[in-house]
Amino acid sequence: MEPGKDAIVVEDLTRVFEDVTAVDRISFRVGQGELFGLLGPNGAGKTTTINMLSTLLRPSSGRAWVGGYDIVKHRDEVRKSIGVVFQETALDGKLTGRENLQFHAMMYGLPREERKHRIDEVLALVDLGEKSGILVEKYSGGMKRRLEIARGLIQDPKVLFLDEPTLGLDAQTRRHIWDYVEKLNRERRVTIILTTHYMEEADFLCSRVAIMDKGRFVALDAPARLKDVLGGDVVSLGVKGEEDCLDGTFRSLSWVKKFVRRGRDVNLTLENGERRIAEIVTLAQQCGATVESVRLREPSLEDVFLHFTGHTIREQEASSADRLRLMMPHRGGRRP
Amino acid sequence: MILNGTAIYVLWLREMKRYLRARSRILGSLLQPLFFMVFLGLGFRRMQVPGLGEGVDYIQFLVPGILGMTLLFSSSMQGLSVIWDREFGFLKEIMVAPVSRTSIVLGRIAGGTTTTMIQGLLMLAVTLLLGFRIKSPLLFLWALAFMILIAFTFIGIGLMFASRMKDSQGFGIIVNFILFPLFFLSGALYPLDNLPRAVRILSLLDPLTYGVDGLRGTLIGVSARPVILDFLVMAASAVLMVALGTLLFRSSESV
């Protein structure tokens, strides 16, 4: 199959580390100008996927094209087409912000006249112009991230990879980064691939999201369509007494798509949840049950993840951290 | 294989900036050889060390050896700087750039050679202040050539280890188990003739042996072997180690 016009084409991409399969035969396409998300817990294989697509790791099997170029056969062409913001900081702390950008611009072969102009432009984009003369080791976490995003844009890439761009940042800084990313995608039409394990991030930014777990894609669609799979909103009731009557009543209702009761907690999945709340409470009271609490939730990607994998992202991270500890007892939490 | 001049230059430039901004490191890395020289020199001053050569006192004999030591440790640090880059993530920034891997290695070698030469020349300047005298200016140019070849050789070896190692603790082990033996086997501190035969054979396999002997021949005019032989061996080892270092660096994975 040919790459065609898509910014990224991935076919059966696989990477095995010794006996751990980090990425397991994933396939997808990303159109030009799309903002595509890889969502999943730590250890799901997102970073390994990015490292392969950005030519830092060789795939064990499978193929992929970025900007029309094969990631194994035409590494230099791929490298020229992309910008990457890595998960862990990749700045030289002993250089100033501007020097880091100059290093980058020269490595990417920008002509001298263009360099200063481009560097000033990207510095302005992330509001770091005034701080550009300071050593990067004195920067805050958020400033480093912004500088890295700016750096990824100097060479005007067709595709920008952002690996966990807001990891470890406070809520306000995260919001700023989201705004930059969205602006970039909208105004410059840069194709962006973003990995995250924050549900809200994928939901807010991405036009399509692939949900990744244990090296595989378990779902891939627009966030709204993924949430539709769950069948609508969730109304949660805390109730007391008359469980059998409640079970019978709610199960028989045609507009309740899913009914789950665990002890006193009742979860009803339905469309237009807010319009049904009064009716649900009335029905429960008619059974003779006491309603102690009512909560309406719109489905989140967290629910989608749970739906497709049978566990929450947090559970998955806890168990994969255990696996890592067993695998490499002397190396702490860093991944291969 | 395309060489990219701008990339080599900017890698070199980065190395220079980092070097000049780490003044304490410059001083620190001069102190160790200086201590060796001052205390060994003072301690053995009045002792009769056999095999030093006609009319050579121990301090004169020692200075080229200490210079070799400075070059050895300073050039091997280039390997450590690759590992640091890996630990601090900057290696990815370098490796993801559309620049041939060979250009990256050349940039590193250029940077490492320059800093090593500066360290070596600073060390030599200190010994001049302490009373060391160079035999002849013309021979000194040859000494410079030896210094560069020693730098190339051990930058190459440093890159070989850095390509296969993931953290800097491992590099500390290398320093203790490889660099120190190389240093003691090289005859930097004493004439090799005084060593037992078996150890002497080992020392003939150590490139630094020829480097130190060449430095002696060119700085004080007395050497155990013909200087041209030292030069040929050093040139061969420089080419070999740089080639091996480049090869291993190119085939290593950067994450």
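Residue numbers (our numbering), protein chains in the order written: chain U, 1 to 336; chain D, 1001 to 1255.
Even for Gly, the Cβ is constructed at its ideal location relative to N, Cα and C.
The criterion of a C-beta distance shorter than 8 Å is satisfied by Gly1112(D) and Ala1151(D).
Between Arg25(U) and Asn51(U), the alpha-carbon positions lie close to 15 Å from each other. The secondary-structure analysis by DSSP pairs Arg261(U) across a beta bridge with Val266(U). Listed by position along chain U, the residues whose Cβ is nearer than 9 Å to that of Ala1162(D) form an empty set, because the closest Cβ is around 17 Å away. With a threshold of 16 other beta carbon atoms within 10 Å, Arg1014(D) meets it and is buried. The straight-line gap separating the alpha-carbon atoms of His176(U) and Arg151(U) is approximately 17 Å. Buried is the label assigned to Ser81(U), since at least 16 other Cβ atoms lie within 10 Å of its Cβ. In this structure, the alpha-carbon of Val1038(D) lies about 11 Å from that of Val1126(D). Residues of the same chain with a CB within less than 6 Å of the CB of Ile1059(D), apart from the 5 flanking positions on each side, are Gly1041 in chain order.
Close CB contacts of His104(U) within its chain, under the 7 Å cut and outside five residues either way in sequence, are with Arg151, Ile154 (chain order).
Restricting attention to Val1199(D), Arg1197(D), Ala1224(D), Leu1219(D), the CA atom closest to the CA of Tyr1210(D) is found in Ala1224(D).
Collapsing the DSSP output to three states places Tyr180(U) in a helix.
Taking one beta carbon from each stretch, the stretch 62-71 of chain U and the stretch 223-238 of chain U have fewer than 3 pairs nearer than 8 Å; the two do not touch. Contact between Ala1007(D) and Ser1103(D) holds: CB atoms are separated by about 5 Å, below the 8 Å threshold. In this structure Asn185(U) touches Ile192(U) by the C-beta definition: roughly 5 Å separates them, less than 8 Å.
Nearest neighbour of Tyr139(U) by Cα position, chosen from Tyr180(U), Gln172(U), His117(U), Leu91(U), turns out to be Leu91(U).
Secondary structure at Ile211(U): strand, using DSSP grouped into helix, strand and coil. For the stretch 52-87 of chain U, the full-length beta strand (DSSP E) segments reaching 3 residues or more read 61-66, 82-85 along the chain.
Contact between Leu1219(D) and Ile1134(D) is confirmed by a C-beta separation of about 6 Å, below the 8 Å threshold. Neighbours of Val1105(D) in chain U, taken as residues at a C-beta separation under 8 Å, are lacking, since the least C-beta distance is about 14 Å. Of all residues in the stretch 1078-1095 of chain D, those with a C-beta nearer than 9 Å to a C-beta of chain U are Asp1085, Phe1088, Gly1089, Phe1090, Leu1091, Lys1092, Glu1093, Ile1094, Met1095, reading in chain order.
Per the C-alpha coordinates, the member of Gly1079(D), Ile1228(D), Val1233(D) positioned closest to Leu1139(D) is Ile1228(D).
In the structure shown, the three-state DSSP call for Thr21(U) is strand. Shown here, Phe217(U) sits in a strand according to DSSP, grouped into three states. The residue from Gln32(U), Glu148(U), Thr282(U), Phe28(U) with its alpha-carbon nearest to that of Phe250(U) is Thr282(U). Among the residues of chain U, none has a CB under 7 Å from the CB of Ala1110(D); the nearest is roughly 14 Å distant. Taking Thr1153(D) as the centre and dropping the five residues before and after it, the same chain places the C-beta of Pro1207, Ser1237, Ala1238, Met1241 closer than 6 Å to its C-beta, in chain order. One Cα belongs to Leu1034(D), the other to Leu53(U), and the distance between them is close to 50 Å. Val85(U) sits close to Ile149(U), with the two beta carbons spaced by under 8 Å. Not one beta carbon of chain D lies nearer than 8 Å to the beta carbon of Ser132(U).
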